[in-house]
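Trainee: 853 is the number of the first residue of the sequence shown in this note's numbering; add one for each residue after it. Following this message is one structure expressed as C-alpha cells.
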Amino acid sequence: MLYIKVPDMNDSVSNLSIDGTEYILRFTYNEKYDYWSFGLYDEDENPIIAMTRIVPNFPIFFFYSDRAIPDGIFGCVSTKEKVGRQAFNERTAEFIYIPNVELEDE
853 MLYIKVPDMN DSVSNLSIDG TEYILRFTYN EKYDYWSFGL YDEDENPIIA
903 MTRIVPNFPI FFFYSDRAIP DGIFGCVSTK EKVGRQAFNE RTAEFIYIPN
953 VELEDE
C-alpha cells in the first residue's frame, strides 16, 4: 500500500512511479461545494481519468475501465463521511494506492 500525500494547496500536480510507469497526479479542491477531486495523467500530461470526486472509503475509479490505469485501487480512507479542505492536513483522511496483488488471497 502506498500512502500519497495530498499537498496543502487547492490545486496541485505531482509525479508518482507505479510498477515502473510514471504517472502525474492532480488534486483539486472545490471551495464552493467543499470537496476534493483527483485526476490521473500519463507522463505526457494526457488524461487517463480526468478529475473525479474523492468519496471516502470507496474506490475512486470503480466505474472506470481503462488499460492505462495502474493495476490497483486509488482511494481515500477516512472515518468522516465527507473529506473537507483540511481533512488531509488534519489526518482525518489518507489518500492511498493499493496494488491488486496485495488484495489477492494467498
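Here a beta-carbon is modelled for each residue, glycine too, at the ideal position from N, C-alpha and C. None of the values given here were measured: they were computed from a predicted structure.
Please classify V953 as buried or exposed, where buried requires at least 16 neighbouring CB atoms within 10 angstroms.
Mentor: Taking the first residue of the sequence shown as 1, we reach residue 953 at position 101. V953 is exposed by the Cβ-count criterion.
Trainee: From which residue to which residue does the beta strand (DSSP E) around N969 run?
Mentor: As displayed, the chain neither begins before 853 nor continues past 958, which places residue 969 out of reach and without an answer.
Trainee: For D886, is the beta carbon positioned less than 6 Å from some heavy atom of the ligand SAM?
Mentor: The ligand SAM is absent from the structure shown, which contains no ligand whatsoever.
Trainee: Determine the DSSP secondary structure at E942, reduced to helix, strand or coil.
Mentor: Stepping through the sequence shown from its first residue, residue 942 is reached at position 90. It is coil, neither helix nor strand.
Trainee: Comparing alpha-carbon positions, which option in A920, G927, L892, M903 lies nearest F914?
Mentor: Stepping through the sequence shown from its first residue, residue 914 is reached at position 62. Ranking the options by Cα distance to F914, first place goes to G927.
Trainee: In this structure, what does DSSP give as the bridge partners for T904?
Mentor: What you label residue 904 is simply residue 52 of the sequence shown in a count that begins at 1. Beta-bridge pairing links T904 to F890.
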